[in-house]
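Asks: Mapping to the working numbering: the sequence shown position 50 is 99, numbers consecutive. Beta carbons: idealized from backbone N, C-alpha and C, even for Gly.
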Amino acid sequence: MKAAWYEKQGEAQEVLQVGDLPEPSLGKGEVRVRVHASGINPSDTKNRSGWADLPLRFPQVIPHQDGAGVIEAVGEGVPSAHVGERVWIYEAQLGRPFGTAAEFVVLPSEQAVRLPDGTNFVAGACLGVPAMTAHRCVFA
50 MKAAWYEKQG
60 EAQEVLQVGD
70 LPEPSLGKGE
80 VRVRVHASGI
90 NPSDTKNRSG
100 WADLPLRFPQ
110 VIPHQDGAGV
120 IEAVGEGVPS
130 AHVGERVWIY
140 EAQLGRPFGT
150 AAEFVVLPSE
160 QAVRLPDGTN
170 FVAGACLGVP
180 AMTAHRCVFA
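(1) Decide if the segment 103–111 is in contact with the segment 163–174; the criterion is three or more beta carbon pairs, one per stretch, under 8 angstroms apart.
(2) Identify every run of the beta strand (DSSP E) within the segment 85–160, keeping only runs that are complete inside it and at least 3 residues long; order them along the chain.
(3) Could you tell me which residues DSSP pairs with Gly68 in its beta bridges?
(4) Along the alpha helix (DSSP H) that carries Pro179, what are the first and last residues, could you check?
(5) Give a yes or no on whether the C-beta atoms belonging to Gln139 and Arg97 are separated by under 7 angstroms.
(6) Ordered along the chain, which non-local residues of its own chain (more than five positions away) have a Cβ less than 8 angstroms from that of Val127?
(7) Is the shortest distance between the beta-carbon of Asp69 and the beta-carbons of chain C less than 7 angstroms?
(8) Quick check on the burial criterion: 16 or more other C-beta atoms within 10 angstroms. Buried or exposed for Phe147?
(9) Quick one: is Pro165 buried, meaning 16 or more other Cβ sit within 10 Å of its Cβ, or exposed?
(10) Is it the case that the Cβ atoms of Arg163 and Val123 are separated by a distance below 7 angstroms?
(11) Relative to the C-alpha of Thr149, which candidate in Gly116, Lys57 and Val64 has its C-alpha closest?
(12) Helix, strand or coil: how does DSSP classify Glu79 here?
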């Protein structure tokens with residue numbers, strides 16, 4: 050699959066690489082999503098740049114927490130009816146090395162939420178962390 054990744058921290062133009070990587074394999078309770086749009090958040094750039102001396106947590110990182118796309122495969126325990134479903138994705142790279150800056154992402158099924166009819170993938174990729182932050186500000 051095509052992907053963007055980094056193996057060391059620094060400025061984007063110095064550390065980001067683009068190329069082919071193996072497609073991620075599915076685990077129990079996970080879905081594989083073909084990414085149509087990838088959202089970027091401040092935490093994504095902070096982690097890549099090494100802001101505040103945050104260490105690189107994995108030897109290779111595909112960045113970006115949020116995105117939107119179509120479920121292409123499901124792991125054990127996930128109903129096959131979800132295949133073909135349009136979804137928005139949140140916290141894809143939280144505690145994992147691989148985010149949405151790739152053709153495919155694998156994540157727990159509950160982090161792939163059905164995208165409302167009429168909502169395009171770009172809008173869906175903007176939901177994730179920003180929408181959860183706004184919800185928390187209003188309802189906390």
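Replies: Based on what the coordinates show:
(1) The count of Cβ pairs closer than 8 angstroms, one atom from the segment 103–111 and one from the segment 163–174, stays below three, leaving the stretches out of contact.
(2) For the segment 85–160, whole beta strand (DSSP E) runs of length 3 or above, ordered along the chain, are 115–123, 135–138 and 153–157.
(3) On the sequence shown, residue 68 is found 19 positions in, with the first residue counted as 1. Gly68 is bridged by DSSP to Ala52.
(4) On the sequence shown, residue 179 is found 130 positions in, with the first residue counted as 1. Gly177 to Phe188 is the span of the alpha helix (DSSP H), which, as asked, contains Pro179.
(5) Within the sequence shown, residue 139 is the residue found at index 90, counting from 1. Within the sequence shown, residue 97 is the residue found at index 48, counting from 1. What sits at residue 139 in the sequence shown is Tyr, not Gln. Going by C-beta atoms, Tyr139 is not nearer than 7 angstroms to Arg97.
(6) Translated into positions along the sequence shown, residue 127 becomes position 78. Cβ within range, chain order: Gly78, Glu79, Val80 and Ser158.
(7) Of the protein chains in this structure there is only one, and it is not chain C.
(8) Taking the first residue of the sequence shown as position 1, residue 147 is located at position 98. It is buried - the Cβ of Phe147 has at least 16 other Cβ atoms within 10 Å.
(9) The sequence position of residue 165 within the sequence shown is 116, counting from 1. Pro165 is exposed by the Cβ-count criterion.
(10) Position 114 of the sequence shown, counted from the start, is the residue given in the question as residue 163. Position 74 of the sequence shown, counted from the start, is the residue given in the question as residue 123. Between Arg163 and Val123, the C-beta gap is not smaller than 7 angstroms, which leaves the two residues out of contact.
(11) Sequence index remark: in the sequence shown, residue 149 carries index 100 (1-based). Nearest C-alpha to Thr149: Gly116.
(12) Taking the first residue of the sequence shown as position 1, residue 79 is located at position 30. Strand, per DSSP.
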